[in-house]
Amino acid sequence: MKLAHDVAKQLEARLTLRILDMEAFNKKVPTLKRYAEEWFQLPHKMNRFTLERYKGTMVRHVYPKLGDHQIDQIKRRDLKVFFDRLLKKGMKESSFQLIKSPLSKIFQHAIDDELIQVNPLSGISHSKRRSIDIKPFTEDQAFLFLEAAKDYRKGVYYPHFLTLLRTGVRIGELLGLQWKDIDFKSRELVLKRHIFQTTVMDATKNGQIRTVDMTPHLSETLRALKKEKQINALKFGRPFSEWCFSLGNKVKPMSMPPIRKAMFEILEKAGLPKMRLHDFRHSYATIRLLKGHDIGDVSYQMGHSSIKVTFDIYTHWIPGKFKNQVDDLDMHPNAPKTHPEKMEN
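Written out as structure tokens, the structure reads:
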């Protein structure tokens, strides 16, 4: 009886192991889309703006092509084909990185969850480095644009464009400005938030709060705008909007489309080439650098992570500008004005 009991126990143990093995075998590995959506729900160190951009990129580009694939079945060759097709359509490096970054993080998390062994994105890079497409205003063009903006719809958009050209703030940071962020006495703007599409983000794009300087004319213009809005609020019996750039009688902050539309119409009126709103930020940097302003201050005002970032983007816009600084090497009082020539015997 004991022998039969032992045999039965062994058979039961083997059967249990087999059932567990089958359960593990039958357990479905999640699709990339399902796993990515779960990953987005986890706590992340990145700011909400970046996370929303990642989500949008995955929805637009990744899910339609790879979303239904089980995550452990996506191989390096699949990703190479996927990115090659995008690159053939003219994808820029910035867009490439915007897709690659969340994908790589998701695959890395899958490694930690023991769903895959290696990150299939490792080593895949943009096939061709491309220069950043910058088409800024010259100083004269910026002046012409602002003059045309004064006459466009009674100058309603003049403060918007003046702020962009005098501070270099991003359009989302401009839209996120509130009156409490402005110190007219010290002529400073404190950038604490930005607006992405219609969502207010409690931080700038890089997640930091920064202070930028205002020129006297910009300070006077914004002070006049605030006074005008206060008078209109009292006159028509409506609340005074806390947002610097609310549209008309609205209390809510303005969105980007009306500003973009105004920009195109003013450009056409002034006979200037087409631009993007982000080129106003580039214009601020190039105009200042061409004037010989300190690159460290330009970098700080723009919120770049380092001076290197600023220099890498804008160095080719200041050719030969600093030659006079090289000439200063000859300015020592005891230095000869010309190089001594060799004496001939």
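Numbering (our numbering), first residue to last: 238 to 582.
The beta-carbon is built from N, C-alpha and C at its ideal position, and this holds for glycine as well.
- request: Sort out for me which residues DSSP pairs residue 268 with in a bridge.
  value: Looking up residue 268 in the sequence shown gives position 31. 307.
- request: Could you have a look at residue 500 and say whether DSSP puts it in helix, strand or coil?
  value: Taking the sequence shown and counting its residues from 1, the one referred to as residue 500 is at position 263. Here residue 500 sits in helix by DSSP.
- prompt: Can you tell me the Cα-Cα spacing of residue 524 and residue 512, whole angstroms?
  reply: Looking up residue 524 in the sequence shown gives position 287. Looking up residue 512 in the sequence shown gives position 275. Residue 524 and residue 512: Cα-Cα distance of roughly 16 Å.
- prompt: With DSSP run on the structure shown, which of helix, strand or coil describes residue 547?
  reply: Along the sequence shown, read from residue 1 onward, the residue named residue 547 stands at position 310. Note: residue 547 maps to helix in three-state DSSP.
- request: Please state whether DSSP places residue 509 in a helix, a strand or coil.
  value: The residue you call residue 509 lines up with position 272 of the sequence shown. DSSP places residue 509 in coil when its eight states are reduced to three.
query: Helix or strand or just coil, what does DSSP make of residue 437?
result: The residue labelled residue 437 in the question sits at position 200 within the sequence shown. Of the three classes helix, strand and coil, the one that applies to residue 437 here is strand, per DSSP.
- prompt: What did DSSP end up calling residue 447 once you bin it into helix, strand or coil?
  reply: For the purposes of this step, residue 447 is taken as the residue at position 210 of the sequence shown. Reduced to three states, the DSSP call for residue 447 is strand.
- prompt: Buried or exposed: residue 471, going by 16 or more other Cβ atoms within 10 Å of its Cβ?
  reply: Position 234 of the sequence shown, counted from the start, is the residue given in the question as residue 471. By the neighbour-count rule (16 or more Cβ atoms within 10 Å), residue 471 is not buried but exposed.
message: What does the Cβ neighbour count give for residue 478, buried or exposed, with the cut at 16 atoms within 10 Å?
response: Residue 478 sits at position 241 when you count from the first residue of the sequence shown. Residue 478 should be labelled buried.
task: Give a yes or no on contact between the region 374–389 and the region 502–510, applying the rule of three or more CB pairs nearer than 8 Å.
output: yes
field: Cross-strand partners of residue 483 (DSSP beta bridge)
entry: On the sequence shown, residue 483 is found 246 positions in, with the first residue counted as 1. For residue 483, which the question treats as bridged, DSSP gives the partners 490.
task: Report buried or exposed for residue 516, applying the criterion of at least 16 other Cβ atoms within 10 angstroms of its Cβ.
output: One-based indexing of the sequence shown puts residue 516 at position 279. Buried is the call here.
field: When 456, 412, 423 are compared against residue 198, the one with the closest alpha-carbon
entry: Because residue 198 is not part of the residues shown, which for the chain are 238 to 582, the question remains open.
task: Give the range of the beta strand (DSSP E) segment to which residue 318 is assigned.
output: Here residue 318 refers to the residue found at position 81 when the sequence shown is read from its first residue. Run containing residue 318: none in the beta strand (DSSP E); it sits in the alpha helix (DSSP H), 313–325.
message: One question on the structure: do residue 336 and residue 294 come within less than 8 Å of each other, judged by their Cβ atoms?
response: For the purposes of this step, residue 336 is taken as the residue at position 99 of the sequence shown. For the purposes of this step, residue 294 is taken as the residue at position 57 of the sequence shown. Against a cut-off of 8 Å, the Cβ pair of residue 294 and residue 336 comes out as a contact.
query: Looking only at C-alpha atoms, which of 462, 456, 532, 410 sits nearest to residue 493?
result: Here residue 493 is taken as the residue at index 256 of the sequence shown, counted from 1. Residue 410 is the option with its Cα nearest to residue 493.
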